Amino acid sequence: MTEANTESNSAAPMIRMQAVNKHFGPLHVLKDIELEVPRGQVVIVLGPSGSGKSTLCRSINRLETIDSGVIEVDGKALPAEGKALARLRADVGMVFQQFNLFAHKSIVDNVLLAPVKVRKVSQSEARKTAMELLERVGIANQADKYPAQLSGGQQQRAAIARALAMRPKVMLFDEPTSALDPEMVQEVLDVMTSLAKEGMTMLVVTHEMGFARRAADRVIFMSDGEIVEDSTPDEFFTAPKSGRAKDFLAKILTH
Amino acid sequence: MFDFLSKYDVLGAFWVTVQLTLYAALGSLIWGTILAGFRVSPVPLLRAFGTAYINIVRNTPLTLIIVGTLLGLSQTLGVTMGTNVLDSQNFRLATLGLIAYTSTFVCESIRSGINTVPVGQAEAARALGLGFGQVLGVIVLPQAFRSVIAPLASVLIALTKNTTVASAIGVAEASFVMNNMIENESDKLFLVFGVVALGFVVLTLPTGLILGWVAKKVAVKR
């Protein structure tokens, strides 16, 4: 149901970042970032807060601009703000910490809005696909409610369905479970795990270590705007190389 | 006591007031929304135009604008507003002046409404590939409007009363007739005031009540 668009440039990596730098005023939030994500890979980005991992995630569809460097998605450099950028964003799914469902639209309308407005799919076809996606994330019975009437976990699953409705080539998750009550985290992670199993290319910023171990092909550890470690989950969790990663893991895993 | 009223077309005058209000309200809602779009647009030139327009027009007295439409637009530049009948011409000029003026207040209300829409709403829309116009038209403005119905009701009430300035260029609305009555019935001064004031209350009170109810009804729950 979510297979990537076929006209992709299969030689290039799905995401490529080269010598990317960004400053917030005097703060250097991204320092010479080099990253390639091949298609089909699930990359988890870990790191303490303020390490630049959210900024990295948001820069990939240009919700954050960068000061220098190159970012390519599916072999194409990010264009400047405008129609070309909108087209590229349509192929990049994004899930936010705060869900950001459109508050004045029902759940099903949230999901079918972009296919109708951007892809020009017919209303009835978009509704059918939207209902299938909501079925898949387990909230088809909430389709006609408004976002404020749903629990956080349900809202986040709806947000994932909304992103999938565009049939994205790659999915970005910016701390998708950080705003959820603990008992709702699992239902969202389950949806993400099944997505990973189906071969979706994913870049996930998270603090969920269990999910990182289970679903990740690769773990990136960031600290102070740099990529400090880039390894498999097993390596990262059992034998971290850098002091900063050891320090981070010690704090997270012992609480 | 109220016999003198039969000598004047009070109802007709208030009908002109209502017409001025409705046309000007519709016009300033449209123009004000466009101005608000300019003020939040990514194009610097449009933003600059919006800011300059608001600051100049909002700070100019309405009487100056209305008289300016007659002396400047009509008599100097020869704009006829599509009619040769003097009364209709003045009515249209007054409507234009009211739209130019009231739209600045509509724009600023809508802009404050836009600020109540969390930035994440626009980000999510952009991330889905919607363009600037779609983000504004489909996601941001519909939510912004719902949160500013109450302030817009205040603007509408102010507009209703501001239509009295149209008498400055001879539009025969309520205050124009009031001036006539005061001149001829000076012994019934307070009665004349009372009748006209009551007329305006009848127009504006329901506006506030109804729109207040609508505002509650359509509020976006977050």
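Going down the list, the sequences are from chains V and R.
Taking this note's numbering, the leading residue of the first sequence gets 815, the next gets one more, and so forth.
Taking this note's numbering, the leading residue of the second sequence gets 23, the next gets one more, and so forth.
Ideal placement from N, C-alpha and C gives every residue a C-beta, glycine not left out.
From a predicted model like this one, the values you see are computed outputs, not experimental measurements.
As assigned by DSSP and simplified to three states, the class of Asn924 of chain V: Here the question's residue 924 of chain V lines up with position 110 in the first sequence. Residue state, collapsed to three classes: helix.
If we call anything under 8 Å between Cβ atoms a contact, is Phe26 of chain R one with Lys183 of chain R? As a working mapping, residue 26 of chain R is identified with position 4 in the second sequence. As a working mapping, residue 183 of chain R is identified with position 161 in the second sequence. Taking 8 Å as the Cβ cut-off, Phe26 of chain R and Lys183 of chain R do not qualify as a contacting pair.
Please check if any C-beta of chain R sits within less than 8 Å of the C-beta of Val984 of chain V. Sequence index remark: in the first sequence, residue 984 of chain V carries index 170 (1-based). False, the Cβ-Cβ gap to chain R never drops below 8 Å.
So with CB distances below 7 Å, who are the chain V contacts of Pro228 of chain R? Taking the first residue of the second sequence as 1, we reach residue 228 of chain R at position 206. Within 7 Å Cβ-Cβ: nothing; Pro228 of chain R doesn't reach chain V, min ~27 Å.
Do Thr124 of chain R and Ala46 of chain R count as a contact pair if the criterion is CB distance below 8 Å? As a position in the second sequence, residue 46 of chain R is number 24, starting the count at 1. As a position in the second sequence, residue 124 of chain R is number 102, starting the count at 1. Cβ atoms of Ala46 of chain R and Thr124 of chain R: closer than 8 Å.
If we require 4 or more residues per run, which alpha helix (DSSP H) segments fall completely within the segment 943–1012 of chain V? Listed in chain order, they are 966–978 and 996–1011.
Could you tell me the distance, in whole angstroms, from the CA atom of Gln165 of chain R to the CA atom of Ala237 of chain R? In the second sequence, residue 165 of chain R corresponds to position 143, counting from 1. In the second sequence, residue 237 of chain R corresponds to position 215, counting from 1. Roughly 12 Å between the two C-alpha positions.
Closer than 8 Å by beta-carbon distance: list the chain V residues that pair up with Val160 of chain R, in chain order. By 1-based counting over the second sequence, the position of residue 160 of chain R is 138. Those are Leu927 and Lys931, listed as they occur along chain V.
Reduced DSSP category for Ala825 of chain V - H, G, I as helix; E, B as strand; rest coil: As a first step, residue 825 of chain V must be located in the first sequence, where it is residue number 11. Of the three classes helix, strand and coil, the one that applies to Ala825 of chain V here is coil, per DSSP.
Alpha-carbon spacing of Leu947 of chain V relative to Leu892 of chain V, whole angstroms: The residue you call residue 947 of chain V lines up with position 133 of the first sequence. The residue you call residue 892 of chain V lines up with position 78 of the first sequence. Approximately 29 Å between the Cα atoms of the pair.
How would you list, in chain order, the residues of chain V whose beta-carbon sits under 7 Å from the beta-carbon of Pro64 of chain R? As a first step, residue 64 of chain R is located in the second sequence; it is residue number 42 there, counting from the start. Going along chain V in sequence order, the residues near Pro64 of chain R (Cβ under 7 Å) are Glu895.
Does Ile52 of chain R come out as helix, strand or coil in the three-state DSSP assignment? Counting from 1 along the second sequence, the entry for residue 52 of chain R is found at position 30. If DSSP states are grouped into helix, strand and coil, Ile52 of chain R belongs with the helices.
In chain order, which continuous runs of the beta strand (DSSP E) of length 3 or greater are located wholly inside the segment 850–876 of chain V? 856–860
Taking the alpha carbon of Ile1034 of chain V as the point to measure from, which residue in V:Met828, V:Ile858 and V:Arg853 has its own alpha carbon closest? Position 220 of the first sequence, counting from 1, holds the residue named residue 1034 of chain V. Ranking the options by Cα distance to Ile1034 of chain V, first place goes to V:Ile858.
Using 10 angstroms around the beta-carbon of Asp109 of chain R, count the other beta-carbons present and answer buried if the total reaches 16, otherwise exposed. Taking the first residue of the second sequence as position 1, residue 109 of chain R is located at position 87. Counting every other CB atom within 10 Å of its CB across the protein chains shown gives Asp109 of chain R a total below 16, marking it as exposed.
Does Lys897 of chain V pass the burial test, meaning 16 or more other C-beta atoms within 10 Å, or should it be called exposed? For the purposes of this step, residue 897 of chain V is identified with residue 83 of the first sequence, where counting begins at 1. Exposed, since its Cβ has fewer than 16 Cβ neighbours within 10 Å.
Is the separation between the beta-carbon of Met200 of chain R and that of Val218 of chain R shorter than 8 Å? Working through the second sequence from its first residue, we reach residue 200 of chain R at position 178. Working through the second sequence from its first residue, we reach residue 218 of chain R at position 196. It is a contact, given that the beta carbons lie within the stated cut-off.
Beta-carbon proximity list for Arg114 of chain R, same chain, < 6 Å, skipping 5 on both sides: Counting from 1 along the second sequence, the entry for residue 114 of chain R is found at position 92. So the qualifying residues of the chain are Met103.
My understanding is that Phe127 of chain R touches Val177 of chain R, with C-beta atoms under 8 Å, so please give their C-beta distance in whole angstroms. Stepping through the second sequence from its first residue, residue 127 of chain R is reached at position 105. Stepping through the second sequence from its first residue, residue 177 of chain R is reached at position 155. Yes, Phe127 of chain R and Val177 of chain R are in contact; Cβ-Cβ is about 5 Å, under 8 Å.
What separation, rounded to the nearest whole angstrom, lies between the Cα atoms of Met815 of chain V and Val932 of chain V? Residue numbering aside, residue 815 of chain V sits at position 1 when the first sequence is read from its first letter. Residue numbering aside, residue 932 of chain V sits at position 118 when the first sequence is read from its first letter. Caution is warranted here: a pLDDT of 43 is assigned to Met815 of chain V, below 50, making its placement in the model unreliable, and the coordinate value is therefore given only provisionally. Taking the straight line joining both Cα atoms gives about 19 Å.
How is Asp888 of chain V classed by DSSP in three states: helix, strand or coil? For the purposes of this step, residue 888 of chain V is identified with residue 74 of the first sequence, where counting begins at 1. Of the three classes helix, strand and coil, the one that applies to Asp888 of chain V here is coil, per DSSP.
By the criterion of Cβ-Cβ separation under 7 Å, what are the contact partners of Arg901 of chain V in chain R? Here residue 901 of chain V corresponds to residue number 87 of the first sequence, with the count starting at 1. When 7 Å is used as the limit between beta carbons, Arg901 of chain V is near these residues of chain R: Gly151, in chain order.
Excluding the five sequence neighbours on either side, which residues of its own chain have a C-beta within less than 6 Å of the C-beta of Phe913 of chain V, listed in chain order? Position 99 of the first sequence, counted from the first residue, corresponds to residue 913 of chain V. Counting only Cβ-Cβ distances below 6 Å, and skipping sequence neighbours, we find Gln969, Gln970 and Ala973.
Would you list, in sequence order, the uninterrupted alpha helix (DSSP H) runs of no fewer than 4 residues that lie entirely inside the segment 122–196 of chain R? 141–149, 163–169 and 171–184
Is DSSP giving Arg114 of chain R helix, strand or coil here? Working through the second sequence from its first residue, we reach residue 114 of chain R at position 92. Residue state, collapsed to three classes: helix.
Measure the C-alpha to C-alpha separation of Val79 of chain R and Leu42 of chain R and round it to an integer number of angstroms. As a working note, residue 79 of chain R is residue 57 in the second sequence. As a working note, residue 42 of chain R is residue 20 in the second sequence. Using only the alpha carbons, I get a separation of about 19 Å.
Tell me the DSSP secondary structure of Ala74 of chain R in three-state form. Here residue 74 of chain R corresponds to residue number 52 of the second sequence, with the count starting at 1. Looking at Ala74 of chain R - three-state DSSP - the assignment turns out to be helix.
If the criterion is Cβ atoms closer than 8 Å, does the pair Leu33 of chain R and Val187 of chain R meet it? Translated into the one-based positions of the second sequence, residue 33 of chain R becomes position 11. Translated into the one-based positions of the second sequence, residue 187 of chain R becomes position 165. Their beta carbons are not under 8 Å apart, which means Leu33 of chain R does not touch Val187 of chain R by this criterion.
Assigned exposure category for Phe167 of chain R - 16 Cβ within 10 Å defines buried: As a working mapping, residue 167 of chain R is identified with position 145 in the second sequence. Label assigned to Phe167 of chain R: buried.
Check each candidate in R:Gly135, R:Val157 and R:Ser208 and name the one with the smallest Cα separation from Ala172 of chain R. Stepping through the second sequence from its first residue, residue 172 of chain R is reached at position 150. Ranking the options by Cα distance to Ala172 of chain R, first place goes to R:Gly135.
Please confirm whether Gly142 of chain R has its beta-carbon closer than 8 Å to some beta-carbon of chain V. Numbered from 1 along the second sequence, position 120 holds the residue referred to as residue 142 of chain R. Yes, contact with chain V.
Of all the CB atoms in chain V, is at least one closer than 8 Å to the CB of Leu27 of chain R? As a position in the second sequence, residue 27 of chain R is number 5, starting the count at 1. No - not a single Cβ of chain V is within 8 Å of the one on Leu27 of chain R.
Determine the DSSP secondary structure at Gly230 of chain R, reduced to helix, strand or coil. By one-based count along the second sequence, residue 230 of chain R stands at place 208. Looking at Gly230 of chain R - three-state DSSP - the assignment turns out to be helix.
Closer than 7 Å: is that where the CB of Gly34 of chain R sits relative to any heavy atom of the ligand FAD? The model on display carries no ligand, and the ligand FAD is accordingly not part of it.
DSSP three-state assignment for Ala1053 of chain V, whether helix, strand or coil: Looking up residue 1053 of chain V in the first sequence gives position 239. It is coil, neither helix nor strand.
For Met1148 of chain V, is the classification buried or exposed, using 16 other Cβ atoms within 10 angstroms of its Cβ as the cut-off for buried? There is simply no residue 1148 of chain V to check, as chain V begins at 815 and stops at 1069 in what is shown.
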